[in-house]
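So in the numbering used here the end of the sequence shown lands on 510, straight run, no missing numbers.
Cβ atoms here follow ideal geometry from the backbone N, Cα and C, with glycine treated the same way.
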Amino acid sequence: MGEIGRDGQAGGAHGGGPTRLWGGRFEGGPADALARLSVSVQFDWRLARYDLLASRAHARMLHRAGLLSDGELEAMLKALDDLDRACEDGSFRPTVADEDVHTALERGLLERLGSLGGKLRAGRSRNDQVATDLRLYLRDHARLIVSRLAELQTALISQAEACGDTPAPGMTHLQHAQPVLFAHQLLAHVQAFARDAGRLRDWDRRAAVSPLGAGALAGSSLPVDPRVLATELGFDSAAPNSMDAVSDRDFAAEFCFAAALAGVHLSRLGEEIVLWSSQEFGWVEIDDAYATGSSIMPQKKNPDVAELARGKAGRLIGGLTGLLATLKGLPLTYNRDLQEDKEPVFDAVDTLLVVLPAMAGLVSTLRINTERLRGGAPSGFTLATDLAEYLVRRGVPFREAHEIVGHLVVWCQVHDTDLDQVSEADLVRVSPHLTPDVREVLSVGGALAARKGYGGTAPERVAEQLAALRAAVDAAAAWAAAGGR
Ligand code: ARG
């Protein structure tokens, strides 16, 4: 029997007595076309470790139920450990004749134990097995993703800390709007990633329900207790309905959503870095290690990491919508359509685990051009709102204040000057309310300091925000590290 090809395609020829888990009532072997369509081992093989974990718990359960003797259990656990090592070191591999990971591992067990290997299948089905394996896999990988998120957040927080009170022109509609601390803008991204980490932690609570023991759909007539299995496998509880246990893929869809939204946040950060590193902005310079060159233009330094982060959001969104479409309209309980649940979630995991470290590296090595940011902060009349609010404090209705400052902005445009450059005489000409003390509010520092309400961009509020985020990120990282298997 040949091994699975690198292209992931398994051949259909089933010569040499393949292990099939359902051969009893069939006269001939399956058609090649069916085998090619049906095989999933080329992508579900990554569940092997989790399938073996569930098998150990199931073996102990059969022993407690009196269905395996002491000696049989010992031999079974030894064979499962041996198989685990062989999977790990690559000496045991799935072959083209193994329909899926469960089939391959049963073959491995039979190779080691002979007919005793066939006892493990009692009281369980691939339906509860695969749902259990996938939950175990995703719960582990959600933690890995949260720790990678924490690394990216830490990189952003450190940059925010390093740029201190550097102001930037805050934007709406990509137009200069009001001055902000650049740290405030960096921390806005950290907030989004904190919600992503929180979403995965919330998800984990709902995913911590074990389907094992549900059997094919109705539970087992053998004395197996799903709640004991659940505890052994680190779940919080066992599924209270065996039909729901084998057909529910909410956990997979919800995981894909959490991953897709994290992908959207990565994409938005990526887009900002693309802009910031452009000649036009000049806010940041990307380190050589995280930039690429052009094959024709020798001067180019391209922000490919940020662009790929932006681009890969598309496949995460696609995975989510594809999976929802697969689930829609399925009758209870297990249907083979459900085999289509794996590739989108695996792709989501792989995508995030390749994008997050690259983005963390990109961010932590960015050189921030604080002079350029500082110079840009007041440009584009970003202090206009402060001026209008100054007038309001002097009793001018905001509607009128807005008009006055609007006129002043036009005056500045016509005379090619900035708000803080207008002479006192010219100010009063525009409006008698614009007396000399108006200059006090016409500074970026004053504008920033004035926004000192909770959540605002005043330096002391941003410092508090930074400290709170550091604590939250450390807590998320600790959660991720604690749950690892
Ligand atoms: N490879 C299958 C899947 O991922 C395993 C479950 C197969 N169950 C069945 N009754 N054919 O869904």
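Spatial neighbours of residue i within its chain, please: C-beta separation below 7 angstroms, excluding the five flanking residues on both sides.
i	result
Asp32	Reliability of the predicted coordinates at Asp32 is poor, the pLDDT of 40 falling under 50, and no value is obtained from them.
His22	Outside the modelled stretch of the chain, which goes from 26 to 510, sits residue 22, for which no answer is possible.
Ser292	Ala334, Arg335, Ala338
Val439	none
Asp229	Arg164, Ala167
Phe306	Leu300
Tyr75	Asp158, Leu161, Tyr162
Thr317	Asn327, Asp329
Gly30	Only weak support is given to the placement of Gly30: the predicted model assigns it a pLDDT of 41, under 50, and the question is left unresolved by the model.
Between the Cα of residue i and the Cα atoms of the options, which residue gives the shortest distance?
i	options	result
Met196	Ala187, His209, Cys188	His209
Gln68	Glu124, Ser272, Val271	It is worth fixing the name first, because residue 68 is Phe in this sequence and not Gln. The residue with the shortest Cα to Cα distance from Phe68 is Glu124.
Ala255	Arg418, Trp436, Met86	Met86
Asp329	Asp443, Arg454, Ala314	Ala314
Leu467	Val430, Val388, Leu135	Val430
Leu398	Phe207, Leu134, Thr120	Phe207
Pro369	Ala472, Thr442, Ala277, Glu296	Ala277
Ser183	Gly347, Gly478, Arg495, Ala285	Arg495
Arg81	Trp70, Met101, Val66	Met101
Asp109	Leu130, Ser262, Gly96	Leu130
Asp288	Gln364, Thr460, Ala373	The question names Asp, but residue 288 in the sequence shown is Gly. Checked all of Gln364, Thr460, Ala373; the closest Cα to Gly288 is Ala373.
Pro248	Val469, Leu93, Glu113	Leu93
Asp273	Lys103, Thr351, His201, Leu199	Thr351
Ala90	Leu145, Glu136, Gly470, Ala217	Leu145
Ala84	Gly143, Gln200, Arg476, Gly347	Gly143
Trp308	Leu294, Gly401, Leu357	Gly401
Leu258	Ala79, Gly478, Lys353	Ala79
Arg231	Leu199, Ala193, His201, Glu279	Glu279
Ser303	Lys325, Ile321, Ala56	Lys325
Ala156	Thr358, Ala497, Arg418	Thr358
Kindly give me the distance between the Cβ atoms of residue i and residue j, rounded to whole angstroms, as I take these residues to be in contact under 8 angstroms.
i	j	result
Val299	Glu332	6 angstroms
Asp221	His290	6 angstroms
Ala426	Leu433	Not really, about 11 angstroms apart at Cβ, beyond 8 angstroms.
Ser63	Gly148	With 8 angstroms as the limit, Ser63 and Gly148 do not qualify as a contact, their Cβ atoms being about 24 angstroms apart.
Ala383	Leu341	Incorrect: roughly 15 angstroms between the Cβ atoms, too far for contact.
Asp261	Ala233	4 angstroms
Leu377	Phe282	Leu377 to Phe282, Cβ: 13 angstroms. No contact.
Thr442	Gln203	No, Thr442 and Gln203 are not in contact; Cβ-Cβ is about 20 angstroms, not under 8 angstroms.
Val215	Gln178	5 angstroms
Phe218	Leu174	5 angstroms
Ala104	Leu134	6 angstroms
Gly405	His201	3 angstroms
Pro403	Val463	15 angstroms between Cβ atoms; not a contact.
For residue i, which residues from the same chain have a beta carbon less than 8 angstroms from its beta carbon, with the 5 sequence-adjacent residues on both sides left out?
i	result
Ala474	Ala483, Pro484
Gly223	Ala501
Trp504	Arg168, Val171, Arg226
Glu212	The sequence shown places Leu at residue 212, not Glu. Result list for Leu212: Leu181, Ile182, Ala185, Val487, Gln490, Leu491, Leu494, in chain order.
Thr436	Reading off the sequence, residue 436 comes out as Trp, not Thr. Counting only Cβ-Cβ distances below 8 angstroms, and skipping sequence neighbours, we find Val447, Asp451, Val455.
Thr355	According to the sequence shown, residue 355 is Leu rather than Thr. Answer for Leu355: Ser272, Asp362, Leu363, listed in chain order.
Ser65	Glu124, Asp125, Val126, Gln364, Lys367
Hey, is residue i's beta-carbon within less than 8 angstroms of any beta-carbon in chain C?
i	result
Ala264	No chain C appears in this structure, which consists of one protein chain only.
Between residue i and the rest of its own chain, which residues show a CB-CB distance below 6 angstroms, the 5 nearest in sequence each way excluded?
i	result
Leu72	Val126, Asp158, Tyr162
Gly508	Arg168
Ala263	Ser235, Pro251, Arg252, Ala255
Glu310	Arg392
Asp499	none
Asp312	Thr390
Ala472	Pro204, Leu408, Asp411
Val421	His458
Leu294	His214
- Query: For the 8 angstroms Cβ check, are there 3 or more pairs between the region 233–249 and the region 258–278?
  - Reply: yes
- Message: For the structure I just gave you, are there three or more beta carbon pairs, one from the region 173–191 and one from the region 389–404, closer than 8 angstroms?
- Response: yes
- Message: Pairs of beta-carbons, one from the region 444–463 and one from the region 165–176, closer than 8 angstroms: are there three or more?
- Response: The region 444–463 makes no contact with the region 165–176: fewer than 3 CB pairs, one atom from each, lie closer than 8 angstroms.
- Message: Can you confirm whether the region 401–413 touches the region 373–390 when touching is taken to mean that 3 or more C-beta pairs between the two stretches lie within less than 8 angstroms?
- Response: no
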